[in-house]
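Colleague: Sequential numbering from 128 applies to the sequence shown in my numbering.
The C-beta atom is built at its ideal place from N, Cα and C for all residues, glycine as well.
These numbers come from a predicted model, not from an experiment.
Please find one structure pasted underneath; my questions will follow.
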Amino acid sequence: MTKSIFLLLCFAIFQSSLLAQNSTFNPPVMPKVQNSSGISMEKLNLLDQHIESFVNQGHVPGGVFVIARKGKIVYNKSFGYQTLAKKKKYQNDNIFRLASMTKAFTTISIMQLYEQGKLRLDDPIFYYIPAFKQSTVLDQFNEADSSFTTKPVRRPITIRHLLTHTSGITYGVFNPGKIQAVYEKMGANNFGLSADMTTEEMVNKIATVPLVFQPGEKYMYGLNMEVLGRIVEVASGKKLNQYFKENIMTPLGIEDTGFYLPKSKHDRLVPVYTYNEKGKVIMAADTENGRLMQYPKMEDNNHYAGGGGMSGTAMDYMIFIQALLNEGEYGGKRILSRKTIEVMTSDQMILLNEKGTGYSKTPGITYGLGFALKTDEGTAHDSKSAGTYEWGGYFNTKFFIDPEEELVFVGMTQIVPFQRNDFWDKMYAIIYGSIE
Numbered sequence: 128m129t130k131s132i133f134l135l136l137c138f139a140i141f142q143s144s145l146l147a148q149n150s151t152f153n154p155p156v157m158p159k160v161q162n163s164s165g166i167s168m169e170k171l172n173l174l175d176q177h178i179e180s181f182v183n184q185g186h187v188p189g190g191v192f193v194i195a196r197k198g199k200i201v202y203n204k205s206f207g208y209q210t211l212a213k214k215k216k217y218q219n220d221n222i223f224r225l226a227s228m229t230k231a232f233t234t235i236s237i238m239q240l241y242e243q244g245k246l247r248l249d250d251p252i253f254y255y256i257p258a259f260k261q262s263t264v265l266d267q268f269n270e271a272d273s274s275f276t277t278k279p280v281r282r283p284i285t286i287r288h289l290l291t292h293t294s295g296i297t298y299g300v301f302n303p304g305k306i307q308a309v310y311e312k313m314g315a316n317n318f319g320l321s322a323d324m325t326t327e328e329m330v331n332k333i334a335t336v337p338l339v340f341q342p343g344e345k346y347m348y349g350l351n352m353e354v355l356g357r358i359v360e361v362a363s364g365k366k367l368n369q370y371f372k373e374n375i376m377t378p379l380g381i382e383d384t385g386f387y388l389p390k391s392k393h394d395r396l397v398p399v400y401t402y403n404e405k406g407k408v409i410m411a412a413d414t415e416n417g418r419l420m421q422y423p424k425m426e427d428n429n430h431y432a433g434g435g436g437m438s439g440t441a442m443d444y445m446i447f448i449q450a451l452l453n454e455g456e457y458g459g460k461r462i463l464s465r466k467t468i469e470v471m472t473s474d475q476m477i478l479l480n481e482k483g484t485g486y487s488k489t490p491g492i493t494y495g496l497g498f499a500l501k502t503d504e505g506t507a508h509d510s511k512s513a514g515t516y517e518w519g520g521y522f523n524t525k526f527f528i529d530p531e532e533e534l535v536f537v538g539m540t541q542i543v544p545f546q547r548n549d550f551w552d553k554m555y556a557i558i559y560g561s562i563e
């Protein structure tokens, strides 16, 4: 309870005492006093019922959820249990696999180097990774033996292409058919979380895989941030984990987020859940791929997947995105300039969206540099303001930054593949409905 709220309560009790002593006293009608965050806590607490309902029905095991408005934490709660036996509750300081929420750290690192003059957004990436000078585009594919032919690129891949997922690099594992077969044939099918090779080796391997389309032709989600992670290393002269630590984590006071967890923090890493063939929630550790979920506990082998390899707490991530909401500054430390954030959160898909090959066919739902973005045309879609930018992670984690409402949100669960996206949609409606 804040001091101001405490004083208001004391004043109310004092006034009630006076009324009891003098029944003829008629106080004037006073306007409702709002807390400094402008949030109705009574309405926001509807989140408790919403989350508990989904947990009790077995749709999600639980998680941690944090909301801040106008620089103040207004919600920071954990729900559910980490075990099917319901003997170990989720805690606010639990560590979650961030997966694609790692991409935001890589994006900010690239933008830091951009504003330092160490790279340009439209630089060909072969300036930094020579292996990409030989890039080709997939042409003919033979299903019988997965052999293929290629054709030359019409223009080189740029850093901007990587930041907008318009490079022609994709995820083989998420694209069944010829794309998955080509990535498998080239030994690049399962990149994104961890691998038995260094970052440099991984990215040089990605460079050998033919592009799915000509650079800049359309949007297709892929291993672009893995490549950008290597560019951070080349442009800065530091390993990606070291760069993150020195330029983002340490300045912001983030202590529990990184690529590989020290053994002292292993017990804070929550398990991953999935569903069995009957749709019942089960532990992913009990499945064939369960071992792969333990990658945060691996020994550091100089492999840093800039698109998915990090793990961390909800509060660490909240501090990170609060710095972005604050135009690049938090706690007196600046990680990015206001003008650079303006570039990063501008619509990069205008022409592609007009052609129907951009991020979304929904007007106003588009993509900036490293983040999904909502513009004025998208205000009919949901309650998020124009200018909101956001993303999520493979294991069912979410965040958004709404500059207009000075609102940031982090939600951490660990269940994949998640089957109830209405869980998030209803949550967002409750959050925005609590704004006074």
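Just the C-alpha distance for leucine 419 and valine 354, rounded to the nearest angstrom, thanks.
Modeller: Going from the Cα of leucine 419 to the Cα of valine 354 covers about 22 Å.
Colleague: Under 8 Å, do phenylalanine 526 and tyrosine 444 count as touching if we go by C-beta distance?
Modeller: Their beta carbons are under 8 Å apart, which means phenylalanine 526 touches tyrosine 444 by this criterion.
Colleague: In whole angstroms, give me the CA-to-CA distance for lysine 598 and glutamate 311.
Modeller: Since the first residue shown for the chain is 128 and the last is 563, residue 598 is missing from the structure and cannot be characterised.
Colleague: Would you kindly report the start and end of the unbroken alpha helix (DSSP H) that includes leucine 290?
Modeller: Unbroken alpha helix (DSSP H) run through leucine 290: 286-290.
Colleague: Classify proline 544: buried if its beta carbon has 16 or more other beta carbons within 10 angstroms, exposed otherwise.
Modeller: Exposed: under 16 other Cβ atoms inside 10 Å.
Colleague: Is it right to say glutamate 360 is buried, meaning 16 or more other beta carbons lie within 10 angstroms of its own, or is it exposed?
Modeller: So glutamate 360 ends up on the buried side.
Colleague: Which one of Asn351, Ile375, Ile333 and Met352 has the shortest CA to CA distance from glutamate 456?
Modeller: Minimum Cα distance to glutamate 456 is reached at Ile375.
Colleague: Taking the CB atoms as reference points, tell me whether leucine 225 and glycine 439 lie closer together than 8 Å.
Modeller: Yes; because the gap between Cβ atoms is below 8 Å, this pair is in contact.
Colleague: Going by DSSP, which residues form a beta bridge with aspartate 529?
Modeller: In the DSSP output, where bridge partners are listed per residue, aspartate 529 has Leu534.
Colleague: To the nearest angstrom, how far is it from the Cα of threonine 297 to the Cα of leucine 265?
Modeller: Going by the C-alpha atoms only, they are around 12 Å apart.
Colleague: Tell me glutamate 517's beta-bridge partners as DSSP assigns them.
Modeller: Note: glutamate 517 sits in a beta bridge opposite Ala499 and Phe527.
Colleague: Please confirm if histidine 292 has its CB atom under 8 Å from at least one CB of chain B.
Modeller: Given the protein chain composition of this structure (a single chain), no chain B is represented.
Colleague: Count the other CB atoms, across all protein chains shown, that sit within 10 Å of the CB of glycine 304; report buried if there are 16 or more and exposed otherwise.
Modeller: That one is exposed.
Colleague: For threonine 263, which beta-bridge partners are listed by DSSP?
Modeller: Beta-bridge pairing links threonine 263 to Pro279.
Colleague: Under a three-way DSSP split, which group does methionine 347 fall into?
Modeller: Coil.
Colleague: What's the C-alpha gap between valine 408 and valine 187?
Modeller: Rounded to whole angstroms, valine 408 to valine 187 spans 8 Å at the Cα level.
Colleague: So, for asparagine 316: in the same chain, excluding its five sequence neighbours on each side, which residues have a beta-carbon less than 8 Å away from its beta-carbon?
Modeller: Result list for asparagine 316: Gly299, Val300, Gln307 and Tyr310, in chain order.
Colleague: Taking C-alpha atoms, which residue in Leu534, Met554 and Thr540 lies nearest to glutamate 563?
Modeller: Nearest C-alpha to glutamate 563: Leu534.
Colleague: Would the segment 271-286 count as touching the segment 390-409 if we require 3 or more Cβ pairs under 8 Å?
Modeller: Contact fails: fewer than three Cβ-Cβ distances are below 8 Å.
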